[in-house]
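Enquirer: First residue of the sequence shown: 1, per this note's numbering; consecutive thereafter.
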Amino acid sequence: IIYPNPCKDYFYVNSKNIEKVDMYTIDGELIKSEHLNGERIISISGMSKGIYLLRIHFENNHIYTEKLIIE
1 IIYPNPCKDY FYVNSKNIEK VDMYTIDGEL IKSEHLNGER IISISGMSKG IYLLRIHFEN
61 NHIYTEKLII E
């Protein structure tokens, strides 16, 4: 669903019917929330290197969690 991973300045979300993507630190702190209106590119420029968790919310109320690595 997420590529490239690891990434540097942005990543793509490759799926339909996504409402929003929440980004958390590995400690569980919400640091970014993006509502997707057809746009599937999420900018992360300026964010610190490390491991993050993404919660991807779909229109049908399903939630998918994936690890994201920023180089």
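C-beta: ideal position from N, C-alpha, C; glycine also.
1. Leaving out five residues on either side along the sequence, give the residues of the same chain with a beta carbon under 7 Å from the beta carbon of E34.
2. Taking all protein chains shown into account, decide if L30 is buried (16 or more other Cβ within 10 angstroms of its Cβ) or exposed.
3. Look at I2 and E71 and say whether their C-beta atoms are less than 8 Å apart.
4. Please look up how many angstroms separate the CB atoms of Y24 and L53, rounded, as I've assumed it's under 8 Å.
5. With 16 as the cutoff for other CB atoms within 10 Å, does I18 come out buried or exposed?
6. Which residues mark the beginning and the end of the beta strand (DSSP E) in which I69 is found?
Expert: On the basis of the coordinates in this document:
1. Result list for E34: K20, V21, I42, in chain order.
2. It is exposed - the Cβ of L30 has fewer than 16 other Cβ atoms within 10 Å.
3. No, the Cβ-Cβ distance between I2 and E71 is not below 8 Å.
4. The Cβ separation is near 5 Å, so the contact holds.
5. Buried: at least 16 other Cβ atoms inside 10 Å.
6. Taken as a continuous stretch (DSSP letters only), the beta strand (DSSP E) holding I69 covers 63-70.
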